[in-house]
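Heads up, the working numbering is the position in the sequence shown plus 398, with the first residue counted as 1.
Each residue gets a CB set at the ideal place from its N, CA and C atoms; glycine is no exception.
Quantities reported herein were computed from a predicted structural model and do not represent experimental measurements.
As structure tokens, the structure follows; a few thoughts come after it.
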Amino acid sequence: MTTQSSDPILQLKVVETEALICTKCDLAEGRTQVVFGAGNPQADVLFVGEAPGQREDEQGVPFVGPSGRLLEELLAEIDLTRDAVYITNVVKCRPPGNRDPRPHEIDACKAYLRTQLELIDPAVVVTLGNFSTKLVLRTEVGITKLRGMAYEWWGRYLVPTFHPAAALRGRGQVLEDMRYDFSLVRDVLDGNLATDTGIEEETPPPQPADDPQQLGLFGQ
Ligand code: URA
Ligand code: SF4
Numbered sequence: 399m400t401t402q403s404s405d406p407i408l409q410l411k412v413v414e415t416e417a418l419i420c421t422k423c424d425l426a427e428g429r430t431q432v433v434f435g436a437g438n439p440q441a442d443v444l445f446v447g448e449a450p451g452q453r454e455d456e457q458g459v460p461f462v463g464p465s466g467r468l469l470e471e472l473l474a475e476i477d478l479t480r481d482a483v484y485i486t487n488v489v490k491c492r493p494p495g496n497r498d499p500r501p502h503e504i505d506a507c508k509a510y511l512r513t514q515l516e517l518i519d520p521a522v523v524v525t526l527g528n529f530s531t532k533l534v535l536r537t538e539v540g541i542t543k544l545r546g547m548a549y550e551w552w553g554r555y556l557v558p559t560f561h562p563a564a565a566l567r568g569r570g571q572v573l574e575d576m577r578y579d580f581s582l583v584r585d586v587l588d589g590n591l592a593t594d595t596g597i598e599e600e601t602p603p604p605q606p607a608d609d610p611q612q613l614g615l616f617g618q
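Take a look at the structure:
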């Protein structure tokens, strides 16, 4: 990837411009447009969803459908807006018929997410649902087991939570759990994590990789 400038905001723009014409995987064929990401390039919080849906594919913006509205509500409850944070997905192009992204597509696309993470350099990464959590934590452990904690992760925090679509489909408990997870994000931002939750005492991620090369997200 071409990243000649030392200004991370400009570098992110350059990478986005490259991504918008990407044909590295077969998702390029069915998409209307690439949905690279949106929000503050210097955000403290980076949200990672799964893949663009129909509305996102049409508008080129992540989380603009019903899931996005719920995400905005949850953000408002912790005094954030979508413009204050940065929102992206594991794959940047819509899978046909909203099918799950396939492993080779995730592999082809993950360098963009890694670059976004490096350039935005957020204090907290929030993974929404199983796909992004599995990619980022490199684990097969499901989201139901993993959520409810802030993990220390490569000099920042990782807060895995459900995908908003699960809260829209599911019982009110999913939404309540998401509210709790979002409150952890607020705690990290306010520097209240240890006193409020004692989370520093908790167990580390299931498969902490000592070597960045072992992380799915970093391995290429
Ligand atoms: N679901 C996602 O995972 N991402 C979007 O951008 C929209 C819906
Ligand atoms: Fe490129 Fe990612 Fe789109 Fe595949 S999903 S074409 S790797 S931007």
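| query | result |
| --- | --- |
| Under 8 angstroms by Cβ, that's how I've got threonine 559 and leucine 526 pegged, so tell me the actual separation to the nearest angstrom. | 6 angstroms |
| Compare the C-alpha of glycine 435 against each of Glu470, Arg480 and Ala565 and name the closest. | Arg480 |
| Pull up the CB-CB distance for valine 443 and valine 483, whole angstroms please, since I reckon it's below 8 angstroms. | 4 angstroms |
| Going by beta carbon distance, what residues of the same chain come within less than 7 angstroms of valine 557, once the five residues before and after it are set aside? | Val522, Val524, Ala548, Asp579, Leu582 and Val583 |
| Around the ligand SF4, which residues pass a check of Cβ closer than 6 angstroms to any of its heavy atoms? | Ala417, Cys420, Thr421, Lys422, Cys423, Leu425, Ala426, Val432, Val489, Lys490, Cys491, Glu503, Ala506 and Cys507 |
| CB of serine 465 to nearest heavy atom of the ligand URA: below 7 angstroms? | yes |
| On the criterion of 16 or more Cβ atoms from any shown chain inside 10 Å, does glutamate 574 qualify as buried, or is it exposed? | exposed |
| Count the CB pairs spanning the segment 560-567 and the segment 464-472 that are closer than 8 angstroms, and state whether there are at least three. | yes |
| Is the closest heavy atom of the ligand URA to the C-beta of proline 460 under 7 angstroms? | yes |
| Three Cβ pairs or more, each shorter than 8 angstroms: is that satisfied between the segment 493-502 and the segment 418-438? | yes |
| Considering only residues of the same chain and omitting the five flanking positions on each side of leucine 410, which have a CB-CB separation below 6 angstroms? | Pro439 and Leu517 |
| Judging by CA-CA distance, which residue of Val534, Asn528 and Asp498 is the nearest neighbour of tyrosine 510? | Val534 |
| What are the uninterrupted segments assigned as beta strand (DSSP E) that are 3 or more residues long and contained completely in the segment 452-501, given in chain order? | 484-487 |
| List the endpoints of the continuous alpha helix (DSSP H) containing leucine 587. | 570-588 |
| Cβ-heavy atom distance between asparagine 640 and the ligand URA below 7 angstroms? | The displayed coordinates of the chain run from 399 to 618. Any statement about residue 640 would go beyond what the structure contains. |
| Got a sec? Which residues, its chain only, sit under 6 angstroms from lysine 422 by beta carbon, not counting five neighbours each side? | Ala506 |
| Got a sec: does the ligand URA put a non-hydrogen atom nearer than 7 angstroms to the Cβ of glycine 428? | no |
| Give the single residue among Glu470, Gly589, Asp519 and Arg536 whose Cα lies nearest to the Cα of alanine 441. | Asp519 |
| Below 8 angstroms on the Cβ atoms is my guess for phenylalanine 529 versus glutamate 448; work out the distance and round it to an integer in Å. | 4 angstroms |
| Where does threonine 421 fall in DSSP's three states? | coil |
| Pull up the distance between the alpha-carbon of glycine 589 and that of arginine 512, whole angstroms please. | 25 angstroms |
| To which residues of the same chain is valine 572 closer than 6 angstroms at the C-beta, ignoring the five residues directly before and after it? | Phe560, Ala564 and Ala565 |
| Is it buried or exposed, proline 501, if we count other Cβ atoms within 10 angstroms and call 16 or more buried? | exposed |
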